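A.B. asks:
Chains as they are written, first to last, in the working numbering: chain A, 221 to 1005; chain B, 221 to 1005.
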């Protein structure tokens, strides 16, 4: 039995009221702070004990040679692995010469709260030292949304019974020892010890600075700290610095009514090009600026930033406080991952842990950007600008593989392919179409034509070129894409994966359309009428296999002819299957790790009839094991669309509770950003029934029995609107912006300011929900071994 | 342009008349001696210069952890790599204090001859030292077929102009430094330096002994030497030993008419179980016994052994001395690889080099054992006994993968899977059927019923069980085997590979038949009527895909729907394709590395009509690139069967000249045993038209224009017979043994002693031969970059 940290249920916060050291690493992920540029795991202020110490800067990575048992052409040579950078969170405390460490003495009380409105992590502890001195330690930590390079900690200590001598050591620490890598689980990260080479260390009164170079990648990074110190008269402050530590020390004798308060300002910077002096000056300037703004100023801007966010994205559930909390927790963390990434990737774990080596995958485009597009669209533009910035590498990769256009990597930090297992990565060419899809969706939800011309066009053109060269015309006239891997990681190297072909079709059409809209920019990329026609022909001729015998779409050609996995003989403790069965056997049988054909029905709804959707969903549910966290939300969406509202809601629970309940047993390595975004997808696109169908915003809401109401806000083409779904009616409100047309099912509504539109929702006939593999039923009580 | 060593054309020898240091490693492979237990590369006696120093003992290997960029369930943890063991070939020479090294002074003459009848490597050199002393050095080396643990060298030196002082140092040397591994070519081996740990060293007058343990595998190995020394009066002999060297030194002053002659006897032994003292005694005894037999005795038994071999296998070509030599060279080396392996594998390179890490593959069963079965059938029984001895590991592997029966490894030394790239190895389950096929063929060619009951039955049962659990019945009633890799390494993970399905079908039928023949032994393995019926049903229902549109068999389901490789845009210097293109693209297109469907037509001829064979051969020729050395012989067989005799003969040339002409540019790493055996296959099964069809020996010979005659001998069911093919008639002779029925085309003949049967051969209508990919046409002048 796995243990999980437990948190109290409340609407706007996640509170941990007792400290379980066994599951510390999970708490650290859940209580992580980030703005998309800086990430800080919820490590205790005093540094130890820890599960996994972690401070990250987006795109600061180390290179690690990839070893192969047998070499092969086109295999990536090196992995990029996120680096645990200089830790600025550390504030050590000595009480009468005894180090404050919760493993010793007595932890009288412990509360940590992640405040989803204030955007801070608060901690309040009463601790009795082994020698019997009782102190209260309070801290509040923030990573600023407003000041991208800045984090700050407000820390205080006070004696509660008798006077004590305290020493505070506030530090920057580089090259923290990391726990050894344990399991043979491909999802965990490589551990890199001592990978930061000291370039400069410096201290000044109440401040300090460290500059390091990452050994093999050569990335230069700098961290600086400044302090405002409030201490009784007679206290002493000193500072010092050596290669891997900068330290500001406060020594004070405190009477019961006295305290030492420290506000620590932190600034981070990194570069592959700028010089050490330039970085030095950059972080020193940033930390001085932060001190000037002050703690109150930073806290106020943090709250204001979040207030704006919540005004455009909040989801409220009437009658389910547990999911209510989980959904807000999800929305908060996705914002943290993407808010200020600005031209850098949004990794699968955000900046909450080292899982997947800090890599970004296609999930960002398909799952994370879906949520951000309707809540913080500028973050979507940034994320796609990052992809755009990697086009030279994607073009080079396509050329190496023998194709035209751009082949984006399966997993990467800076655009270079980092996967050493090509059947599940290089062959998963759908990444190209996923990027294209995100471009199309962004432009539809924002109308950002300038972005389309500057960034979107080239992404669409280069991905369309890839598809044209990847596919071929069969003698029967169809356009086919052979030997690729779709989203489902329990299949590989199959012909005509339906998801891939449908997404490629969309990509080809979109490229043609956008080139017609932006003729001169298209011409600058060498696109002429001939190429546009080529794309349209390939899209028109795209082969979509269909199994007439079963009346369903095979996930890929031949899939439904394969043997069905023997679920009856698979024990519950054998999930995830990939850790207990060979890929050989998984690939050749009908067993689905994550939605693939069902995801195609979500993203290309117009390509399937309602009957197709129902039959396909019913076919794939019993063979989909959800060993990936990416699956539940999609099953929620199609479950809801095909009328299985209760089932859809169970998937909402699974997706939103994935980390709070540690359903995948690997929250310790970081949060599952795509699944957390998927909780929103499941609610808003699933139960809420929101779709962007060409230029139409369509809403087909329905909520399951037991839920009294579902209310959600979203941003769309410069407006903010709210949809309030009740069991038998939906209420639409324009919260800001110009009048807006939307469709409630098949009826067009014109939304105007301060005027609520109310429409009835027809009841659906009750129908039996399809079954899942035994032991893999979704829901809050999901069986864990 | 690559350079190749050149050898003079002669019928019974391979002679090198000048020494080209650039291609020394290739010569060392070609001039290697082996008896299947001990292998010695053709390194110069004095040890240096060398291309690749190599002395091997069958199944003495080191373990090397297999690194994976991403771990996966069921991946092998360690590779077994053949070890360069204690080198007993070394006889260093000093002439007036200057070391005899062909790189210095002047090599006045150099001749080395591999004598295919005497089974020795002779060398005669005249060398002028930098100081001007001219000497003749002669040596003859043999690895004894008769005495499995023994090798010997007869060495002499004599001055030719003036008197010289000579020092001979005859050594055992362990841990020779190996050249660094160079290329990223998966076909070369891992280099293991300093992997032998000294356990014992000892010297005695004129002898010495070293015992070492292989570091990680723990294998214990011992080598001993003894010498007979003939030297003028006044010469001195001494000996010494340290951990990695044992040395016998002879110092003599020679007048022009005098010589020093040394006969060096060597014995080797190894064990995983026996103690150091036991091994010590074993090799010491063996070397004393060898000395007792003496050089002349060893040489005589060597010649007798070969005389017996040639009497049952010789192939003579009238009008083609180049191929004549190449075929005898091939037959000689295949004998060397397999003669005395005795319960150990026959590796892909024999014991001629470290290529493929010294692993054995399925090629042994399908290619090498085909030749040995009709020439030295006891070697086939031995090789299959080795497979049988690995059944516990093969069963465990099947269990790990979730299957019944036995899953033999793709590459191994001792039965453990050693491949780190599973799509081309673990998924290539046809290995099981290849073993079963070899069992069936051996029993048919020998009638060895005892072997069938003791060894064959269990191999057939366990492989049949594998197929039954690997396949599944489709709703249409067919039995299908999905997601496997066939022989062609440019395809992988395909459904219903025709070769695999047909071979599995044969395997299932054979298992059923043999269990019926040996009821009680079958029952002891738990085989009952129910299981036998299961096998027969699965065999009967076996799905063999067929492309009605093209009228050909697809290599695997869907293969002929794939895009054809763009041969026109592939440059000649881009072969082998796997070094210049990604497997992703190779796998998904119609491009064939080596015969797969064509091999199925060779091994399961009755499963195809004559029209099928012609159409299939014509279809696959233009897409088969022969980047594997295993392909040409099969194309020869089917080319001949479908009437393309000239083309077939070109393939004979390619297969037989593969190493003499270094066609694959990797002869340096060892000889291609399967291709060399394939030269025989191409001639005897191709032009000779020999087939074993159930209990019938059928011969359908035809020779191409330009060849005046083809004569070959073979052993069959205890007889020796000879087939003499002329352009318009075939002559059959029983050389020894009882009367024998055979079929000349459709006519049954009864062969009796001393009575030649002559039958006419009808001429075939001329027909155009199918084309190969541009630049990949077979023949002696095959383009090399």
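All C-beta atoms in this analysis are idealised placements derived from N, C-alpha and C, irrespective of residue type, glycine included. Please read all numbers here as calculations on a predicted model, not as lab measurements.
Which value, in whole angstroms, describes the spacing of the CA atoms of residue 1006 of chain B and residue 963 of chain B?
C.D. replies: One cannot answer for residue 1006 of chain B here, as it falls past the ends of chain B, which runs 221 to 1005.
A.B. asks: Identify which residue in B/579, B/769, B/648 has its Cα closest to the Cα of residue 696 of chain A.
C.D. replies: Here the closest residue by C-alpha is B/769.
A.B. asks: Between which two residues does the alpha helix (DSSP H) harbouring residue 770 of chain B extend?
C.D. replies: Premise fails: residue 770 of chain B is in no alpha helix (DSSP H) and is neither H nor E.
A.B. asks: How far does the alpha helix (DSSP H) with residue 750 of chain B in it extend, from its first residue to its last?
C.D. replies: It spans 749-760 - the alpha helix (DSSP H) in which residue 750 of chain B sits, taken as one unbroken run.
A.B. asks: Does the beta carbon of residue 616 of chain A sit closer than 7 angstroms to a beta carbon anywhere in chain B?
C.D. replies: False, the Cβ-Cβ gap to chain B never drops below 7 angstroms.
A.B. asks: Any Cβ of chain A within less than 7 angstroms of the Cβ of residue 780 of chain B?
C.D. replies: Taking Cβ atoms only, chain A never reaches closer than 7 angstroms to residue 780 of chain B, which makes this a no.
A.B. asks: With a threshold of 7 angstroms between beta-carbons, can residue 802 of chain A be considered close to chain B, or not?
C.D. replies: At least one chain B Cβ lies under 7 angstroms of residue 802 of chain A.
A.B. asks: Secondary structure at residue 810 of chain B, three-state DSSP: helix, strand or coil?
C.D. replies: Residue 810 of chain B falls in the strand class under three-state DSSP.
A.B. asks: By the 10 Å Cβ neighbour count, where 16 or more other Cβ atoms means buried, how is residue 205 of chain B classified, buried or exposed?
C.D. replies: There is no way to answer for residue 205 of chain B, as the model of chain B reaches only from 221 to 1005.
A.B. asks: Residues bridged to residue 833 of chain A by DSSP?
C.D. replies: Answer by DSSP bridge pairing: none, since residue 833 of chain A is not bridged.
A.B. asks: Taking all protein chains shown into account, decide if residue 227 of chain A is buried (16 or more other Cβ within 10 angstroms of its Cβ) or exposed.
C.D. replies: With 16 or more other Cβ atoms within 10 Å, it is buried.
A.B. asks: Where does residue 822 of chain B sit, in a helix, a strand or coil, going by DSSP?
C.D. replies: Reduced to three states, the DSSP call for residue 822 of chain B is helix.
A.B. asks: Who are the Cβ neighbours of residue 292 of chain B in its own chain at under 8 angstroms, not counting the five residues just before and after it?
C.D. replies: The residues are 642.
A.B. asks: Does residue 436 of chain B have its Cβ less than 7 angstroms from a Cβ in chain A?
C.D. replies: So, not an interface residue.
A.B. asks: When you check each C-beta in the stretch 786-799 of chain A against every C-beta of chain B, which residues fall closer than 8 angstroms?
C.D. replies: Per Cβ criterion, the list reads 798, 799.
A.B. asks: Which parts of the stretch 284-372 of chain B are runs of the beta strand (DSSP E), unbroken and 3 residues or longer, counting only runs that do not cross its ends?
C.D. replies: Runs of the beta strand (DSSP E) inside the stretch 284-372 of chain B: 298-302, 311-315, 326-335, 340-348, 354-363.
A.B. asks: Over what stretch of residues does the beta strand (DSSP E) that includes residue 942 of chain B continue unbroken?
C.D. replies: Unbroken beta strand (DSSP E) run through residue 942 of chain B: 939-945.
A.B. asks: So the beta strand (DSSP E) residue 1018 of chain B belongs to, where does it begin and stop?
C.D. replies: Absent from the structure is residue 1018 of chain B, since the part of chain B shown begins at 221 and ends at 1005.
A.B. asks: Quick check: residue 566 of chain B and residue 603 of chain B, are their CB atoms within less than 7 angstroms of each other?
C.D. replies: Their beta carbons are under 7 angstroms apart, which means residue 566 of chain B touches residue 603 of chain B by this criterion.
A.B. asks: Using beta carbons (cut-off 7 angstroms, strictly below), is residue 907 of chain A in contact with chain B?
C.D. replies: Chain B contact via Cβ: absent.
A.B. asks: So, does the CB of residue 646 of chain B fall closer than 7 angstroms to a CB anywhere in chain A?
C.D. replies: Yes, residue 646 of chain B lies at the interface with chain A (some Cβ there is under 7 angstroms from its Cβ).
A.B. asks: Could you say which of B/312, B/715, B/700, B/684 lies nearest to residue 651 of chain B if we only look at CA atoms?
C.D. replies: For the residues B/312, B/715, B/700, B/684, the minimum Cα distance to residue 651 of chain B belongs to B/684.
A.B. asks: Can you look up residue 962 of chain B in the DSSP assignment and give me helix, strand or coil?
C.D. replies: Three-state DSSP puts residue 962 of chain B in a strand.
A.B. asks: Chain B partners of residue 987 of chain A, CB-CB under 9 angstroms?
C.D. replies: Ordered by position in chain B, no residue passes the 9 angstroms Cβ test against residue 987 of chain A, which lies about 26 angstroms from the chain.
A.B. asks: My guess is that residue 506 of chain B and residue 517 of chain B are in contact by the Cβ rule of under 8 angstroms, so how many angstroms apart are they, rounded?
C.D. replies: With a Cβ gap of about 14 angstroms, residue 506 of chain B and residue 517 of chain B do not count as contacting.
A.B. asks: Identify the contact partners of residue 293 of chain B in chain A, using a Cβ-Cβ distance below 8 angstroms as the criterion.
C.D. replies: Within chain A, the residues near residue 293 of chain B are 798, 799, 800, 801, 802, 803.
A.B. asks: Output needed in chain order: residues of the stretch 277-310 of chain B with a Cβ under 9 angstroms from some Cβ in chain A.
C.D. replies: Those would be 286, 287, 288, 289, 290, 291, 292, 293, 294, 295, 296, 299, in chain order.
A.B. asks: Residues of chain A with CB under 8 angstroms from residue 712 of chain B, in chain order?
C.D. replies: Per Cβ cutoff of 8 angstroms: 713.
A.B. asks: Report all residues from its chain with a CB closer than 6 angstroms to the CB of residue 951 of chain B; omit the five preceding and five following residues, and keep chain order.
C.D. replies: Excluding positions up to five away in sequence, the list reads 944, 976, 978.
A.B. asks: When you compare the CB positions of residue 984 of chain B and residue 550 of chain B, do they come within less than 7 angstroms of one another, or not?
C.D. replies: Not in contact: residue 984 of chain B and residue 550 of chain B (Cβ atoms no closer than 7 angstroms).
A.B. asks: Are the beta-carbon atoms of residue 735 of chain B and residue 718 of chain B separated by less than 7 angstroms?
C.D. replies: Taking 7 angstroms as the Cβ cut-off, residue 735 of chain B and residue 718 of chain B do not qualify as a contacting pair.
A.B. asks: Would you say residue 621 of chain A faces chain B, with C-beta separation under 7 angstroms as the test?
C.D. replies: Chain B, which has a Cβ nearer than 7 angstroms to the Cβ of residue 621 of chain A, makes this yes.
A.B. asks: What runs of the alpha helix (DSSP H), each 4 residues or longer, lie entirely inside the stretch 627-690 of chain B?
C.D. replies: You should have 650-666, 677-690.
A.B. asks: Return the first residue and the last residue of the alpha helix (DSSP H) that residue 720 of chain A is part of.
C.D. replies: Where residue 720 of chain A is concerned, the enclosing alpha helix (DSSP H) stretches over 718-737.
A.B. asks: Put residue 612 of chain B into one of helix, strand or coil per three-state DSSP.
C.D. replies: Helix.
A.B. asks: At the level of alpha carbons, what is the spacing between residue 240 of chain A and residue 840 of chain A?
C.D. replies: Each residue's alpha carbon lies about 40 angstroms from the other.
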